[in-house]
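Enquirer: What follows is a single structure, and I will ask about it in a moment.
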Amino acid sequence: MKKVGILGGGQLGCMLAEALFKWGAQVSFYDPNPTSPARLRTPHFMCGAWDDEILLTRFFQDNDVVTYEFENVSTTLLSTLVQKTEVPLYPSQEVLYLTQNRLREKTFLKTNGLPVCDFESCLSYGEWIEKSQVWSYPYILKTTEGGYDGKGQWLIADAAAVQRFSHEVQGKPFVPLIREEIVSIVKEASVIVARSKWGEAVCFPAFENVHSHHILDTTVVPAQIPMSVQEELKRLALEAAALLNVVGLLTVEFFIAQTQQGEPRIFVNEFAPRPHNSGHITRACCVQSQFDALARILLDLPLLEPTLEPGAFCMGNLLGDVWKSGSSTLNLSLLSQFPNVVDVVLYGKDKPQNKRKMGHFIIRAETTEHALQNAQQFRSALRESQ
Ligand code: ADP
Ligand code: MG
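Residue numbers (my numbering): 46 to 431.
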């Protein structure tokens, strides 16, 4: 059976490994963190830095195909490794190169006529000083690379915020930025496409996402978004995956705003060429999960249409703030009071920190409203029982 290497030993990698094991695949991980969830669960783990070419070469040579759950690896190095070892990386280093950088990503969207918010680059301190005098606020500044869960973002709402930001970056090496207009978001959604090396693609249903402090809080399915809009989101996601020639998963995050006439207006926000936090809901709401879909692609198996299961579903994230005591176990005896909890995954991270994703759960109910309501109740009960 095939040997699959996963760059990154976090929760996404662990759940992908579960899906791969079902088919008898061998899985090994590469991660610099000796206490990453995968390290504590499997001996097939190589601990090394992201720029250790010798170790990474060995890792590639030990596998038939390599994928990643962590996106901040040098694509120059990855290209060298793919060329040297002839072991494919899925999705390719070209896809990763584009999605690693917000400017490249948004320029790609614009060039291909996909809907994107107004944006502009700001690559040096001099440029910042110049442009900040003409840009009308409010707007959002984001680092072009490396941001996640709202990190590396600044809301520039007024002249004082411009001053504060200038002060913050003055005299330091300037990190390239992108300015984005603020979209009056009515809803946020994501769509995951699974695409094989033969160019076949299937698309998961649209998920509706709610963020709290820029971090995903809940995901619901079926999304409370008009069917025609959901179909358009899926069409756009499939088009993007085909344009990028993705082999693997492509998650597309969307903002849905409103025109002055009250019509929905769609924007693509960003891509993730990997399983996505919102996609954890597929573990219960679809006949196959996002991880199953990726496993099939990595193992050259036929794709399966990810049809919806009956009912409504809500996935809730469990962040570190759920734990008061510092231990990351949960009082799961509560489950007897919540018989509609159909999935709980604790990621096995060592330290519960406030905004750190420690686990998730999924509720199944008759309606989306009930699923959401039950999710809030279950999370509150967990928090109070700690
Ligand atoms: P991250 O990589 O941290 O997920 P995102 O660009 O997705 O970065 O931003 C995180 C969240 O911040 C979004 O899901 C959305 O709620 C909010 N946000 C980001 N960009 C904008 C924008 N241009 N207008 C309005 N809200 C935004
Ligand atoms: Mg995002």
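The beta carbon of each residue, even a glycine, is placed where N, CA and C say it ideally should be.
1) Go ahead and label lysine 187 buried or exposed: buried means 16 or more other beta carbons lie within 10 angstroms of its beta carbon, across all protein chains shown.
2) How about glutamate 253 and alanine 239: do their beta carbons lie closer than 8 angstroms?
3) What do you get for valine 332, buried or exposed, if any count of 16 or more other CB atoms within 10 angstroms of its CB means buried?
4) If you reduce the DSSP assignment to three classes, tell me which class aspartate 194 lands in.
5) Tell me whether the beta-carbon of threonine 112 lies closer than 8 angstroms to the beta-carbon of leucine 343.
6) If we count the other Cβ atoms within 10 Å of its Cβ and call it buried at 16 or more, is histidine 258 buried or exposed?
7) If you draw a straight line from the alpha carbon of lysine 394 to that of threonine 120, how long is it in whole angstroms?
8) For chain C, check one thing: does any of its Cβ atoms lie closer than 8 angstroms to the Cβ of threonine 188?
9) Curious, which full-length alpha helix (DSSP H) runs of at least 4 residues does the stretch 92 to 133 contain?
10) Quick test of your reading: aspartate 194 and lysine 400, contact by CB under 8 angstroms. State the CB separation rounded to the nearest angstrom.
11) From Phe104, Glu114, Lys67 and Asp109, pick the residue whose C-alpha is nearest to that of serine 81; which is it?
12) Based on DSSP bridge pairs, tell me the residues matched to phenylalanine 164.
13) Between which residues of its own chain and leucine 377 is the CB-CB distance below 8 angstroms, once the five residues before and five after are set aside?
14) Just to confirm before moving on: does the CB-CB distance between isoleucine 301 and valine 266 stay below 8 angstroms?
15) Would you report the Cα separation of methionine 403 and leucine 375, rounded to the nearest angstrom?
16) Do you know whose CA, among Thr102, Val291 and Asp107, lies nearest leucine 123's CA?
17) Measuring only the C-alpha atoms, how far is glutamine 431 from leucine 417?
18) According to DSSP, simplified to helix, strand and coil, what is methionine 403?
19) Cutting at 6 angstroms between CB atoms, please list the residues of its own chain near proline 221, excluding the five before and the five after it.
20) Here's the rule: buried if 16 or more other CB atoms are within 10 angstroms of the residue's CB, otherwise exposed. What is aspartate 337?
21) Which residues bound the alpha helix (DSSP H) around threonine 264?
22) Considering only the alpha carbon of each residue, which of Asn419, Val367, Ala410 and Ala426 lies closest to glutamine 398?
23) Taking 8 angstroms as the cut-off, decide whether the C-beta atoms of phenylalanine 316 and leucine 295 are in contact.
24) So if DSSP puts glutamine 303 in a beta bridge, which residue, or which two residues, is it bridged to?
25) By how many angstroms is the C-alpha of isoleucine 174 removed from the C-alpha of glutamate 165?
26) Suppose the cutoff is 7 angstroms on Cβ atoms and the five residues either side in sequence are ignored; what does the same chain contact list for histidine 405 look like?
27) Leaving out five residues on either side along the sequence, give the residues of the same chain with a beta carbon under 7 angstroms from the beta carbon of proline 183.
28) Here's the rule: buried if 16 or more other CB atoms are within 10 angstroms of the residue's CB, otherwise exposed. What is serine 177?
29) Please classify phenylalanine 219: does DSSP put it in a helix, a strand, or coil?
30) From aspartate 76 to glutamate 116, what distance separates their C-alpha atoms?
31) Find the nearest neighbour of serine 425 within the set Tyr392, Thr412 and Leu379, judged by alpha-carbon distance.
32) On the three-state DSSP scale, how would you describe lysine 176?
33) Using only the alpha-carbon positions, how far apart do isoleucine 230 and glutamine 303 sit?
34) Please go through the same chain and pick out, in chain order, the residues whose beta-carbon is closer than 7 angstroms to the beta-carbon of serine 323, but skip the five residues on each side of it.
35) Give me, in chain order, the residues of the same chain whose beta-carbon lies closer than 7 angstroms to that of leucine 154; leave out the 5 immediate sequence neighbours on both sides.
36) With burial defined as no fewer than 16 other Cβ atoms inside 10 Å of the residue's Cβ, what is the status of phenylalanine 105: buried or exposed?
Expert: Taking the structure as given:
1) Sequence index remark: in the sequence shown, residue 187 carries index 142 (1-based). Buried, by the Cβ-count rule.
2) Counting from 1 along the sequence shown, the entry for residue 253 is found at position 208. Counting from 1 along the sequence shown, the entry for residue 239 is found at position 194. The answer is no: Cβ separation not under 8 angstroms.
3) In the sequence shown, counting from the first residue as 1, residue 332 sits at position 287. Classification for valine 332: exposed.
4) Counting from one through the sequence shown, the residue named residue 194 turns up at place 149. Three-state result, aspartate 194: coil.
5) Taking the first residue of the sequence shown as position 1, residue 112 is located at position 67. Taking the first residue of the sequence shown as position 1, residue 343 is located at position 298. In contact: threonine 112 and leucine 343 (Cβ atoms closer than 8 angstroms).
6) Taking the sequence shown and counting its residues from 1, one reaches residue 258 at position 213. Burial call: exposed.
7) Walking along the sequence shown from the start, residue 394 turns up at place 349. Walking along the sequence shown from the start, residue 120 turns up at place 75. Going by the C-alpha atoms only, they are around 27 angstroms apart.
8) The displayed structure is made up of one protein chain only, and chain C is not part of it.
9) 98 to 106 and 120 to 130
10) The residue labelled residue 194 in the question sits at position 149 within the sequence shown. The residue labelled residue 400 in the question sits at position 355 within the sequence shown. Confirmed, Cβ separation roughly 7 angstroms.
11) Taking the sequence shown and counting its residues from 1, the one referred to as residue 81 is at position 36. Residue Glu114 is the option with its Cα nearest to serine 81.
12) Indexing the sequence shown from 1 puts residue 164 at position 119. Bridge partners of phenylalanine 164: Glu225.
13) As a first step, residue 377 is located in the sequence shown; it is residue number 332 there, counting from the start. Excluding positions up to five away in sequence, the list reads Val389.
14) On the sequence shown, position 256 is the one that residue 301 refers to. On the sequence shown, position 221 is the one that residue 266 refers to. In this structure, valine 266 does not lie closer than 8 angstroms to isoleucine 301 by Cβ.
15) What you label residue 403 is simply residue 358 of the sequence shown in a count that begins at 1. What you label residue 375 is simply residue 330 of the sequence shown in a count that begins at 1. Spanning the two alpha carbons is a distance of roughly 11 angstroms.
16) Along the sequence shown, read from residue 1 onward, the residue named residue 123 stands at position 78. Nearest option by C-alpha distance: Thr102.
17) The count along the sequence shown starts at 1 and reaches residue 431 at position 386. The count along the sequence shown starts at 1 and reaches residue 417 at position 372. Taking the straight line joining both Cα atoms gives about 22 angstroms.
18) Position 358 of the sequence shown, counted from the first residue, corresponds to residue 403. Three-state DSSP puts methionine 403 in a strand.
19) Locating residue 221 in the sequence shown gives position 176, counting from the first residue. Correct list, in chain order: Leu168 and Thr189.
20) In the sequence shown, the residue the question calls residue 337 occupies position 292. Looking at its Cβ environment, which holds 16 or more other Cβ atoms inside 10 Å, aspartate 337 is buried.
21) Here residue 264 corresponds to residue number 219 of the sequence shown, with the count starting at 1. Here threonine 264 belongs to no alpha helix (DSSP H); instead the beta strand (DSSP E) covers 260 to 266.
22) In the sequence shown, counting from the first residue as 1, residue 398 sits at position 353. Looking at the Cα atoms, Val367 is the closest of the given residues.
23) Reading the sequence shown from its first residue, position 271 is the one you call residue 316. Reading the sequence shown from its first residue, position 250 is the one you call residue 295. Their beta carbons are under 8 angstroms apart, which means phenylalanine 316 touches leucine 295 by this criterion.
24) Indexing the sequence shown from 1 puts residue 303 at position 258. Glutamine 303 is bridged to Pro309.
25) For the purposes of this step, residue 165 is identified with residue 120 of the sequence shown, where counting begins at 1. For the purposes of this step, residue 174 is identified with residue 129 of the sequence shown, where counting begins at 1. Taking the straight line joining both Cα atoms gives about 14 angstroms.
26) Sequence index remark: in the sequence shown, residue 405 carries index 360 (1-based). These residues qualify, in order along the chain: His325, Met360, Gly361, Asn362, Leu363 and Val390.
27) Counting from one through the sequence shown, the residue named residue 183 turns up at place 138. Cβ neighbours of proline 183 beyond the five flanking positions: Leu200, Ile201, Ala202 and Ile227.
28) Within the sequence shown, residue 177 is the residue found at index 132, counting from 1. Its Cβ being crowded by 16 or more others within 10 Å, serine 177 is buried.
29) As a working note, residue 219 is residue 174 in the sequence shown. Three-state result, phenylalanine 219: coil.
30) Within the sequence shown, numbered from 1, the residue matching residue 76 stands at position 31. Within the sequence shown, numbered from 1, the residue matching residue 116 stands at position 71. The straight-line gap from Cα to Cα measures roughly 12 angstroms.
31) Taking the sequence shown and counting its residues from 1, the one referred to as residue 425 is at position 380. Among Tyr392, Thr412 and Leu379, the Cα nearest to that of serine 425 belongs to Leu379.
32) Here the question's residue 176 lines up with position 131 in the sequence shown. Looking at lysine 176 - three-state DSSP - the assignment turns out to be helix.
33) Taking the first residue of the sequence shown as position 1, residue 230 is located at position 185. Taking the first residue of the sequence shown as position 1, residue 303 is located at position 258. Straight-line Cα distance between these residues: approximately 8 angstroms.
34) For this step, residue 323 is matched to residue 278 along the sequence shown. Answer for serine 323: Ser235, Phe252, Asn254, Leu261 and Thr264, listed in chain order.
35) Here residue 154 corresponds to residue number 109 of the sequence shown, with the count starting at 1. Within the same chain, leucine 154 has close Cβ partners Val161 and Val313.
36) In the sequence shown, counting from the first residue as 1, residue 105 sits at position 60. Flag for phenylalanine 105 reads buried.
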